[in-house]
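A.B. asks:
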Ligand SMILES: [Zn+2]
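Numbering (this note's numbering), first residue to last: 1222 to 1446.
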């Protein structure tokens, strides 16, 4: 399976990416992680990226595509991958399409889109609380003893992250709509998008994705346990 994953903010994209990666036995290629790895490994592109970032500037699409190319060309990705966090613009989508053509993967690539309703998302995220001691995030309604962290046992450690405030969430959603939707449309025109309701139980979301992938690829999917 060769996949690109997109998800509305707060819809659990990271969680699904991890589950899919392990169930399908394909590496999870998060662009943040591979950028850090390239810097750490001091590859040619990694050193270039490091210089740019040390000046506080953004790594160009050209360098990012180069790092993604290095990663996807690695034998570890020969049987598939799950690309997460890229492309973020139509220009990046055009560049990644070129790369996929070069790697003979344009036919095989599928795009997983986790959808969310803005109002449901607001309710879910504004109800989140983080523990200041262990940094775990909980749904406040699910915490039985309102003062004790179920993870680390800290007392009175919950706080409302600034990321989870309503105006911040609405703004992230707006940015997501304006930035990501055109990219999804681009892939929809190519018939590559699988849309799944991201507001169900984690297991059900995974099940829906796997079901759609099997249907789309016309074959059974082997799941590693
Ligand atoms: Zn805690």
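Note that the Cβ used here is the ideal one computed from N, Cα and C, for glycine as well.
1) Tell whether a beta-carbon distance below 9 Å holds between residue 1303 and residue 1222.
2) Can you pull the DSSP bridge partners for residue 1351?
3) Between the stretch 1379–1397 and the stretch 1303–1316, are three or more C-beta pairs nearer than 8 Å?
4) Rounded C-beta distance between residue 1415 and residue 1433? I'm assuming under 8 Å.
5) Would you kindly work out how many angstroms separate the C-alpha atoms of residue 1348 and residue 1428, rounded to a whole number?
6) Throw me the rounded Cβ distance for the residue 1251 and residue 1305 pair, which I believe falls under 8 Å.
7) Am I right that residue 1321 and residue 1413 are in contact with their C-beta atoms under 8 Å? What's the rounded C-beta distance?
8) Specify the secondary structure class of residue 1423 as computed by DSSP and reduced to three states.
9) For residue 1316 versus residue 1363, is the C-beta distance shorter than 9 Å?
10) Which residues mark the beginning and the end of the alpha helix (DSSP H) in which residue 1275 is found?
11) For ligand 2, enumerate in chain order all residues having a CB closer than 5 Å to any of its heavy atoms.
12) So, are the CB atoms of residue 1301 and residue 1335 less than 9 Å apart?
13) Would you mind reading off the limits of the beta strand (DSSP E) that contains residue 1231?
14) Within this structure, are the beta carbons of residue 1267 and residue 1260 separated by less than 9 Å?
15) Thinking residue 1270 and residue 1256 are a contact (beta carbons under 8 Å), I'd like their distance in whole angstroms, please.
C.D. replies: According to the data block:
1) Here residue 1303 is taken as the residue at index 82 of the chain shown, counted from 1. Here residue 1222 is taken as the residue at index 1 of the chain shown, counted from 1. In this structure, residue 1222 lies closer than 9 Å to residue 1303 by Cβ.
2) Here residue 1351 refers to the residue found at position 130 of the chain shown. Bridge partners of residue 1351: 1358 and 1380.
3) no
4) Locating residue 1415 in the chain shown gives position 194, counting from the first residue. Locating residue 1433 in the chain shown gives position 212, counting from the first residue. Right, the Cβ-Cβ distance comes to about 4 Å (below 8 Å), so this counts as a contact.
5) By one-based count along the chain shown, residue 1348 stands at place 127. By one-based count along the chain shown, residue 1428 stands at place 207. If you take the alpha carbons of residue 1348 and residue 1428, they lie about 26 Å apart.
6) Counting from 1 along the chain shown, the entry for residue 1251 is found at position 30. Counting from 1 along the chain shown, the entry for residue 1305 is found at position 84. Sure, about 5 Å apart at Cβ, within 8 Å.
7) As a position in the chain shown, residue 1321 is number 100, starting the count at 1. As a position in the chain shown, residue 1413 is number 192, starting the count at 1. Not a contact, Cβ separation roughly 10 Å.
8) Along the chain shown, read from residue 1 onward, the residue named residue 1423 stands at position 202. Reduced to three states, the DSSP call for residue 1423 is helix.
9) The residue you call residue 1316 lines up with position 95 of the chain shown. The residue you call residue 1363 lines up with position 142 of the chain shown. Their beta carbons are not under 9 Å apart, which means residue 1316 does not touch residue 1363 by this criterion.
10) Indexing the chain shown from 1 puts residue 1275 at position 54. It spans 1265–1275 - the alpha helix (DSSP H) in which residue 1275 sits, taken as one unbroken run.
11) With respect to small molecules bound, the structure shown includes ligand 1 and not ligand 2.
12) As a first step, residue 1301 is located in the chain shown; it is residue number 80 there, counting from the start. As a first step, residue 1335 is located in the chain shown; it is residue number 114 there, counting from the start. Against a cut-off of 9 Å, the Cβ pair of residue 1335 and residue 1301 comes out as no contact.
13) The residue you call residue 1231 lines up with position 10 of the chain shown. Where residue 1231 is concerned, there is no enclosing beta strand (DSSP E), given that its DSSP letter is neither H nor E.
14) Along the chain shown, read from residue 1 onward, the residue named residue 1267 stands at position 46. Along the chain shown, read from residue 1 onward, the residue named residue 1260 stands at position 39. Yes, the Cβ-Cβ distance between residue 1267 and residue 1260 is below 9 Å.
15) Numbered from 1 along the chain shown, position 49 holds the residue referred to as residue 1270. Numbered from 1 along the chain shown, position 35 holds the residue referred to as residue 1256. Confirmed, Cβ separation roughly 6 Å.
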